[in-house]
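With full-length UniProt numbering, the residue at position 49 of the sequence shown is 49, and numbering never jumps.
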Amino acid sequence: MIIVYESKTGFTKKYADMLAKNTKLKAYRVKELPKDIKDEEIIFLGWIKAGKIQGLGKVRKYNIKAVCASGTAPHAEPNEETVVANNKIESIPFFYLRGGCLPLKELTGMDKILMSMFLKILKSRKEKDGKIEGTISNIVNGFDGVREENLEPVVQWISKNK
Numbered sequence: 001m002i003i004v005y006e007s008k009t010g011f012t013k014k015y016a017d018m019l020a021k022n023t024k025l026k027a028y029r030v031k032e033l034p035k036d037i038k039d040e041e042i043i044f045l046g047w048i049k050a051g052k053i054q055g056l057g058k059v060r061k062y063n064i065k066a067v068c069a070s071g072t073a074p075h076a077e078p079n080e081e082t083v084v085a086n087n088k089i090e091s092i093p094f095f096y097l098r099g100g101c102l103p104l105k106e107l108t109g110m111d112k113i114l115m116s117m118f119l120k121i122l123k124s125r126k127e128k129d130g131k132i133e134g135t136i137s138n139i140v141n142g143f144d145g146v147r148e149e150n151l152e153p154v155v156q157w158i159s160k161n162k
């Protein structure tokens, strides 16, 4: 069994590295996969963008045993069932991991444009609750929600399925 991950800003990589350390499994970035892993069992970690788990399509041909997805929200949005259905992983164990986001000023390209638009929409709301204020702060300042304890269900699953 190996860990394969796709990470853009480093939060999913942190989880892959922690998981590798805790389970003694090797971790590979998708683009660095060895050619001889055709039959190897894979735990895949990717990040969520607009409901799609990034990098998952690149590893579908392999023997995926579980999928973990990191996102900025405290829980999978809109919910885990929708993420699972949208990514066609109904028959595979799924784990959501809260990741993080870089501060808006560090984003580039389309990511910066989209997040700036989203921020403008949030700021224009007349009534802002604590959740909206928190989201605005996370976009502007960034945050890191990566925690080792978030991996506990994944580590337990691996120990039962090795």
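Where a beta carbon is used, it is the ideal one built from N, C-alpha and C, also for glycine. Quantities reported herein were computed from a predicted structural model and do not represent experimental measurements.
Report, in whole angstroms, the separation of the C-beta atoms of residue i and residue j, which I expect to be a contact under 8 Å.
{"i": "TYR15", "j": "LEU45", "result": "6 Å"}
{"i": "THR12", "j": "VAL155", "result": "Their Cβ separation, rounded to whole angstroms, is 16 Å, which puts THR12 and VAL155 out of contact at 8 Å."}
{"i": "THR9", "j": "LEU102", "result": "5 Å"}
{"i": "MET1", "j": "GLU41", "result": "4 Å"}
{"i": "ASN86", "j": "GLY51", "result": "5 Å"}
Please decide whether residue i counts as near chain B, where near means a Cβ-Cβ distance under 8 Å.
{"i": "ILE42", "result": "Protein chain content of the structure displayed is limited to a single chain, and chain B is not contained in it."}
Check this for me: beta carbons of residue i and residue j, under 8 Å apart or not?
{"i": "LEU25", "j": "LEU151", "result": "no"}
{"i": "PRO153", "j": "PHE95", "result": "yes"}
{"i": "SER70", "j": "ILE89", "result": "no"}
{"i": "ASP144", "j": "GLY109", "result": "no"}
{"i": "ILE136", "j": "LYS123", "result": "yes"}
{"i": "ILE3", "j": "ALA27", "result": "yes"}
{"i": "ILE37", "j": "ILE158", "result": "no"}
{"i": "PRO78", "j": "ARG98", "result": "no"}
{"i": "VAL30", "j": "LYS58", "result": "yes"}
{"i": "VAL72", "j": "ASN138", "result": "The amino acid occupying residue 72 in the given sequence is Thr; Val does not appear at that position. For THR72 and ASN138, yes; Cβs fall inside 8 Å."}
Is the number of C-beta pairs between the segment 73–83 and the segment 115–123 that are closer than 8 Å three or more? no
Every unbroken alpha helix (DSSP H) within the UniProt domain "Flavodoxin" (2–127), with a cutoff of 4 residues, ordered by chain: 11–23, 56–59, 80–86 and 109–124
Do the segment 107–114 and the segment 65–75 make contact, defined as three or more Cβ pairs closer than 8 Å? no
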